[in-house]
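So that you can map any letter, position 91 of the sequence shown is 91 in UniProt numbering, and since no number is skipped, the others follow by simple counting. Cβ atoms here follow ideal geometry from the backbone N, Cα and C, with glycine treated the same way. All of these numbers come straight from a predicted model, not from anything done at the bench. What follows is one structure encoded as structure tokens, with my remarks underneath.
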Amino acid sequence: MERQIPDSVILEVFRYLSKRELGVLAQVCRRWRRVAYDRSLWCVVNFDMNDFWPAVDEETLLMLIRTRLSSVKALNLGGCTLTAKVAKELAKRCHQLRSLVFYGAEIESETGHEGIRDFPTGLELMDLRYSWGNFKFMRRLPRHFTQMRYVGLGMDSSESLVPDVFAKMRNLRILDCTDCETLTDDALLKVSMNCPHLESICLNECKNYRGKFLHRVLSNCRSVSTLLIRFTKITDEALMAVNWEKTQVKELDLTGCYFVTTTGLSNVISRLPDIRYFKMNQCGFRHILHLRIYQESQANTCLQMFRNFGSAMELSSLCGMFGGRTATVPLPELRILEFGPLRKEALSESPLVANLIKMCPLIEAVSLINFKLIEDADNYLVQELKDKCKHIREVKLCSPRIEHVAIGNSGETITVERLLIKMESLLPSPENTLGKVINKLHV
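Structural data, given as structure tokens:
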């Protein structure tokens, strides 16, 4: 019976199996072995997904590279160690390799003359964000990276590579330097000079970035459409120095930029007519922001705003304004909303739920930030929202945490309520990011 099944059918079935399962089936018979080792099944390999076994040592990795990975195009070395021998075999045998991800991988330390001398050429994507070790060898290989389009650096890798590794990356499109202390204003300016075709820049949690030369960076890289600079030290002055009207920025994240106030926010958003994604909660450290930001464009699809409640809250358009007394506007297409006051407020004190039920018939997910559920009336409103909004899938309640913050040099502290920095957001992530590219590769 099995002999009557064409190889093409068996091959399609095998596509749903892990690499470890393919290895087991290859032992059944010669025919299954031939199909299991078909080159098309080994174009994408992810060691981080336990496709093989918990730990792949150097000997096993070398064997796989020599026998199975000649056709690999996307490789995740998660959990492995990149040694000189492994790097040499990758360069020698994996000529089609275009995407290399080091998720949880370690780079071997250089000792004497045994350091890494070879590395794959022709890479278009390299993600070093979640890896550690000695990356200095890459500084000797700038010509290996001339085709690079997507790069991710982490705290360890950036110490050795910023900004020198970008010298020949003129084709770079997406740069992600999350939590890189070496990514300073000067460093980013040098990168922008070498990479004029950048479209997406992510500097989230880069503690030493202040935006001093942001206007020059965006002038050098005129195609930037995504700018993610959450929890940096960027200032109003840096934002206002940018000629936003001449940029292509459509996705902007200023979350947790404590030195940005209403002045900077208003200036930016009023000069970005095509913005569609904008996050700015927790701006203005120790400031109560009265956000009166106007936007006439209807292009916004994702917008997160927080304001200080004066009296009644009126739900406005995603591309409208929050603040003062505005007219309630129907939002028939609104699907996701994150909203909350800067100070705690009982949910029953706000007309938010009533407005959502009345004005947003297609709402699917709501995140209530900094609201209190004190009385039965508050809990009733949450249940009413779930009952009357037929498309609702999720209602989240996010409360702040209490922190004692030191002020000045005297050791004096004040008690503050700070919104959760790492809270999971309901809003879709920006479109033009390294994470989205990697997800499409399934590595």
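{"query": "Given that a residue counts as buried once 16 or more other Cβ atoms are within 10 Å of its Cβ, and exposed if not, what is K344?", "result": "exposed"}
{"query": "Do S225 and N46 have their CB atoms nearer than 8 Å?", "result": "no"}
{"query": "Per DSSP, what are the beta-bridge partners of E345 in this structure?", "result": "F371"}
{"query": "What are the residues that DSSP puts in a beta bridge with D176?", "result": "G152 and C202"}
{"query": "Rounded to a whole number of angstroms, what is the C-alpha to C-alpha distance between I116 and T184?", "result": "28 Å"}
{"query": "Taking A26 as part of the alpha helix (DSSP H), name the residues at either end of that continuous run.", "result": "Careful: A26 lies outside any alpha helix (DSSP H) and carries neither H nor E."}
{"query": "Grab the span of the alpha helix (DSSP H) containing L128 for me, first residue to last.", "result": "Careful: L128 lies outside any alpha helix (DSSP H), inside the beta strand (DSSP E) at L125 to L128."}
{"query": "Determine the burial state of Y103: buried for a count of at least 16 other Cβ atoms within 10 Å of its Cβ, exposed for fewer.", "result": "buried"}
{"query": "Go ahead and label C177 buried or exposed: buried means 16 or more other beta carbons lie within 10 angstroms of its beta carbon, across all protein chains shown.", "result": "buried"}
{"query": "Should I374 be labelled buried (16 or more other beta-carbon atoms within 10 Å of its own) or exposed?", "result": "exposed"}
{"query": "Applying the criterion that 16 or more other CB atoms from any shown protein chain within 10 Å of the CB defines a buried residue, is Y150 buried or exposed?", "result": "buried"}
{"query": "DSSP puts G133 in a beta bridge; with which residues?", "result": "I107"}
{"query": "Would you please state the rounded distance, in angstroms, between the beta carbons of L356 and I363? I believe it to be under 8 Å.", "result": "6 Å"}
{"query": "Leaving out the 5 sequence neighbours to the left and right, which residues in its chain are closer than 6 Å to H391 when beta-carbon positions are compared?", "result": "L362 and E364"}
{"query": "What's the call for residue 514, buried or exposed, on a 16-neighbour Cβ count within 10 Å?", "result": "Shown here, the chain extends from 1 to 443; a query on residue 514 therefore has no answer."}
{"query": "How big is the Cα-Cα spacing for K372 and L381?", "result": "12 Å"}
{"query": "Tell me whether the beta-carbon of R39 lies closer than 8 Å to the beta-carbon of S71.", "result": "yes"}
{"query": "Residues in the same chain with beta-carbon distance under 6 Å from D127, minus the five sequence neighbours each way, listed in chain order, please.", "result": "V101 and G152"}
{"query": "Taking Cβ positions, are R139 and V162 nearer each other than 8 Å?", "result": "no"}
{"query": "Taking G133 and S158 to be in contact with their CB atoms under 8 Å, please state how far apart those CB atoms are, rounded to whole angstroms.", "result": "About 13 Å separates the two Cβ atoms, so there is no contact after all."}
{"query": "Cβ of G23 within 8 Å of Cβ of V56?", "result": "no"}
{"query": "What's the gap between the Cα of T235 and the Cα of D376?", "result": "43 Å"}
{"query": "For E364, which of helix, strand or coil comes out of DSSP?", "result": "coil"}
{"query": "In angstroms, rounded to a whole number, what distance separates the CA positions of F14 and L41?", "result": "8 Å"}
{"query": "Which of the three DSSP states, helix, strand or coil, is assigned to L218?", "result": "helix"}
{"query": "Report the partner residues of T232 according to the DSSP bridge assignment.", "result": "Beta-bridge pairing links T232 to no other residue."}
{"query": "Round the Cβ separation of D198 and C221 to the nearest angstrom and send it over; I've been treating them as touching at under 8 Å.", "result": "Reading off the sequence, residue 198 comes out as Leu, not Asp. Indeed, because the Cβ distance is near 4 Å, the residues count as touching under 8 Å."}
{"query": "Measuring alpha carbon to alpha carbon, tell me which residue in R93, A84, L125 and L90 is nearest I107.", "result": "A84"}
{"query": "Where DSSP assigns a beta bridge to K386, which residues make up the other side?", "result": "Note: K386 sits in no beta bridge, so no partner."}
{"query": "Using the beta-carbon count (16 or more within 10 Å), is E245 buried or exposed?", "result": "exposed"}
{"query": "Straight-line CA distance for L62 to I229?", "result": "40 Å"}
{"query": "Output needed for A299: all residues of its chain with C-beta closer than 6 Å, excluding positions within five of it in sequence on either side, in chain order.", "result": "In this prediction, A299 scores a pLDDT of 38, lower than 50, which makes its location untrustworthy; the coordinate-derived value is nonetheless stated afterwards. D274 and R276."}
{"query": "Once you ignore the five residues that flank N439 on each side, which residues in its own chain have a CB closer than 6 Å to its CB?", "result": "none"}
{"query": "Secondary structure at L252, three-state DSSP: helix, strand or coil?", "result": "strand"}
{"query": "Could you tell me the alpha carbon to alpha carbon distance between V437 and H95, rounded to whole angstroms?", "result": "21 Å"}
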